[in-house]
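Residue numbers in the sequence shown follow the working numbering, run continuously in steps of one, and reach 295 at the last position.
As structure tokens, the structure follows; a few thoughts come after it.
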Amino acid sequence: MSDADEMILAGSRPTARNPIDDLHSKTSTVILVDAIVLSWLLFALTGMLELSLAPGIFAMFVWLGYRKRASWAYWFGPMIMGGVTLIFSILLFLQLMYLFTDGSASIFMMLILAWAIYSSVRFVRIHFHPVYKMGYSGHSIYDENINLQTNEMLAACPTCLAVLAVNPLLLSREDTCPHCDSPLVLGTEEE
Numbered sequence: 105m106s107d108a109d110e111m112i113l114a115g116s117r118p119t120a121r122n123p124i125d126d127l128h129s130k131t132s133t134v135i136l137v138d139a140i141v142l143s144w145l146l147f148a149l150t151g152m153l154e155l156s157l158a159p160g161i162f163a164m165f166v167w168l169g170y171r172k173r174a175s176w177a178y179w180f181g182p183m184i185m186g187g188v189t190l191i192f193s194i195l196l197f198l199q200l201m202y203l204f205t206d207g208s209a210s211i212f213m214m215l216i217l218a219w220a221i222y223s224s225v226r227f228v229r230i231h232f233h234p235v236y237k238m239g240y241s242g243h244s245i246y247d248e249n250i251n252l253q254t255n256e257m258l259a260a261c262p263t264c265l266a267v268l269a270v271n272p273l274l275l276s277r278e279d280t281c282p283h284c285d286s287p288l289v290l291g292t293e294e295e
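Encoded structure:
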């Protein structure tokens, strides 16, 4: 890692980028794809180019701001993802309705929509996590004057990103996160 103040996931190998930057990059990509999908869906549903261009251009400005970590774009990103998730939910409901009324729905399409809804909800939820908020705004968890015991360090759970004080010398495969009960040590490393 380039800076000793950057957080690493518990039990993982350090990389060139911290996990918050990776998550921000993935979220930015999702916002870009959702901006394109939003414009296309509005055009497909209304047939009016003018109606689909205005939200599409707005969503692209939000994506540009979000990618550059502009403070004004922080909540607009989840709003775009939430709007597309709402449209996907309506389409999934219609597919289910068609399936039960005349059987003409595509089960494959329903699976894709359900997966897209699930993924989008996960990306929206991360915006409520305090560590992600701090990482987005450029603040460090180390600015909080946390008193750590000898050999302890702050690390993030690889599953839920909860901030934990851990002693890396004492971590084992049996250790789990107190928040989500997922293992803190991932992978199959030789001991």
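Positions of the beta carbon are idealized from the N, C-alpha and C atoms, including for glycine.
Nothing here was measured: the structure is a model prediction, and the numbers come from that model.
* Asked: From which residue to which residue does the alpha helix (DSSP H) around Met238 run?
  -> According to the DSSP assignment, Met238 belongs to the alpha helix (DSSP H) that extends over Pro234 to Ser241.
Fill in: Backbone secondary structure at Thr189 - three-state DSSP
helix
- Delimiting residues of the beta strand (DSSP E) encompassing Val267: Val267 to Val270
**Prompt:** What are the partner residues of Met257, as DSSP defines its beta bridges?
**Reply:** Val270
Quick test of your reading: Ala259 and Leu268, contact by CB under 8 Å. State the CB separation rounded to the nearest angstrom. 6 Å
Limits of the alpha helix (DSSP H) - the one that Asp285 falls within
Membership of Asp285 in any alpha helix (DSSP H) is not indicated, and neither H nor E is assigned to it by DSSP.
| query | According to the Cβ coordinates, are Trp167 and Ile191 closer than 9 Å? | reply | no
Lys172 (DSSP reduced to helix, strand or coil):
coil
query: What separation, rounded to the nearest whole angstrom, lies between the Cα atoms of Ala158 and Ile216?
result: 27 Å
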